[in-house]
Structures are given as C-alpha cells and as structure tokens.
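Q: In this note's numbering, the protein residues as written are 1 to 272.
Ideal placement from N, C-alpha and C gives every residue a C-beta, glycine not left out.
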C-alpha cells in the first residue's frame, strides 16, 4: 500500500510511514483497516483522486496478501490430524477478533479450531485511544459492545478480551482454564514467542512447544514493522531481544509444525 501511495502522490516513503505510525498509535493496533482514510498526510488530498488512490492501495494489499498469506509447512496436515482425533484446538492472538477469524478462514484452517481468543476493541471502551479518536462512519466489524464479549462464528466460539489484557497474561489463561474446563496438565501451548506464548502457560502446568521456525524473517520486513508500530523504543528493544534469544527452555522445540505430532504422540491431550 505504501509503495502505491508513494508512486501516485510523490510523498516520500519515510513520511508516509510516519503518518501510518500515528494512525496505528491512535488506534492501538497495526491491524486497523481504515488507516489510509485517517492518514493526516493525505487529509487535503482531492476527493476523487483519493478514492482512486484508496482503491489502488487496497488492490495492492489484496494481491500481496493472497500471495504471501499461506500456512507454514505441516500446519494444515497436523491441525487436521488433531481435529480428527478429537483434540480441543484454541487459537490465541492479540490481533482483532474479526481480522483473526477472517485470517484463519483465508488460510483454510478455521474449521479445525473450536475456540478463538482475540482482542475485541469496543465502542464503549474507555481507553484513551478511543476517547481521542473519531469513530463515526466506521464498520461495526471493528467493534464489539461491552455486553457482547463472545459470539459464535460457524462452529467456532470467539472469546474477546480488552486491550489491557494482551499477552503475556496469566490471568486470562486462568479464566480460560476455568471457563473451558481445560486440564492444563494434559494440554500444550504452542507459539513462536517463549515469553509471550509459552511461559504463562508453562507456569500453569501446560507443556510448551516453541515454534522456532516462526522466528525466521527478513530484516527489512522487521524494519518496516518497527517504522509503523505503535511500540515505544523500550518495547522495540525488548522485542528484538526476544527475537534473538529466548531464555527459558521449552519442553519441545519445533523446527517445523510437523514436529508437533512427534511431541504429542498418541496421548489424549487438549492443544492450546
């Protein structure tokens, strides 16, 4: 999207990224679908020209997503095996709930999951970034209400949590254990961050499987992410440290998602 906007407006990429960063900081998430509409650097842009620019940007984004949003090797096969074997499958993410569910669908793996736990920004949320932002004319897909923290999407239960409960959050895991009757001693937590994904679960008795392959990325992509991220410098340094060195030893290290089957073997477990 940035490259399309840059080529059509002649606005330098660095300035565009700074404008995106301000939007994402206001909204508290990198996954805000109306970011272009709120770019302050384009606020005086001609209305018709902006409409064409918006369309071209969305086309570019969609093409890139369709090309690059694919499951890691083994994900579909192993999730199919787990689902068929009767395992309880829960997806837990800090991304917005509707975006997360749609991403699972696009990846072709939504049908395998019983529960999705995701961020649910609310129209009545009192967080400062909502109070200070315009929310009119935005799709209801972005919001939930304070009284509607869960809903069904097909056969998948969606449980939402407010922004202050993002990972790592042992209290949220405790609630899930109680509400979903999870036996932590017979369950696994799988993720690419030892600190955010594994440690909270392992402290509660889950076995931890580190998806080490998820830490492989191109440096230029990390640099782009940081340039638009609402993170402060302290958080960025902390994330970089975690990406390079995961201190606590997980129960299992996965070089590919296929390895998860070897880790779980044939024991009747719930996968979290």
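Touch check for the region 161 to 168 and the region 103 to 112: three-plus C-beta pairs under 8 Å?
A: no
Q: Check the DSSP bridge columns for residue 190 and list the partner residues they point to.
A: To locate residue 190, count along the chain shown from 1; it is residue 190. Looking at the DSSP assignment, residue 190 forms a beta bridge with 209.
Q: Between the alpha carbons of residue 5 and residue 203, how many angstroms are there, rounded?
A: Within the chain shown, the letter at position 5 stands for residue 5. Within the chain shown, the letter at position 203 stands for residue 203. Roughly 46 Å separates the two Cα atoms.
Q: Go ahead and label residue 69 buried or exposed: buried means 16 or more other beta carbons lie within 10 angstroms of its beta carbon, across all protein chains shown.
A: Mapped onto the chain shown, residue 69 falls at position 69. Classification of residue 69: exposed, given that the 10 Å Cβ count is below 16.
Q: State the CB to CB distance for the pair residue 99 and residue 31, rounded to an integer number of angstroms; the pair is presumed to be in contact (CB under 8 Å).
A: Numbered from 1 along the chain shown, position 99 holds the residue referred to as residue 99. Numbered from 1 along the chain shown, position 31 holds the residue referred to as residue 31. With a Cβ gap of about 5 Å, residue 99 and residue 31 count as contacting.
Q: Kindly indicate which three-state DSSP category residue 112 falls into: helix, strand or coil?
A: Here residue 112 refers to the residue found at position 112 when the chain shown is read from its first residue. Residue 112 falls in the helix class under three-state DSSP.
Q: So what's residue 171 in DSSP terms, helix, strand or just coil?
A: Looking up residue 171 in the chain shown gives position 171. Note: residue 171 maps to helix in three-state DSSP.
Q: Using three-state DSSP, classify residue 92 as helix, strand or coil.
A: In the chain shown, the residue the question calls residue 92 occupies position 92. Three-state result, residue 92: strand.
Q: Out of 18, 56 and 188, which has the shortest C-alpha to C-alpha gap to residue 265?
A: By 1-based counting over the chain shown, the position of residue 265 is 265. Ranking 18, 56 and 188 by Cα distance to residue 265 puts 188 first.
Q: On a Cα-Cα basis, can you pick out the residue from 186, 197, 191 and 222 that is closest to residue 205?
A: Counting from 1 along the chain shown, the entry for residue 205 is found at position 205. The shortest C-alpha separation from residue 205 is found at 186.
Q: On the premise that residue 230 lies in contact with residue 28, defined as a C-beta separation below 8 Å, what is that separation, rounded to the nearest angstrom?
A: Taking the chain shown and counting its residues from 1, one reaches residue 28 at position 28. Taking the chain shown and counting its residues from 1, one reaches residue 230 at position 230. Indeed, because the Cβ distance is near 7 Å, the residues count as touching under 8 Å.
Q: For residue 150, does the three-state DSSP call read helix, strand or coil?
A: Taking the chain shown and counting its residues from 1, one reaches residue 150 at position 150. It is a strand residue.
Q: Can you confirm whether residue 75, when its beta carbon is compared against all beta carbons of chain D, has any partner nearer than 7 Å?
A: The structure shown contains no chain D, having only a single protein chain.
Q: In the DSSP output, which residue or residues are listed as bridge partners for residue 160?
A: For the purposes of this step, residue 160 is taken as the residue at position 160 of the chain shown. Residue 160 is bridged by DSSP to 118.
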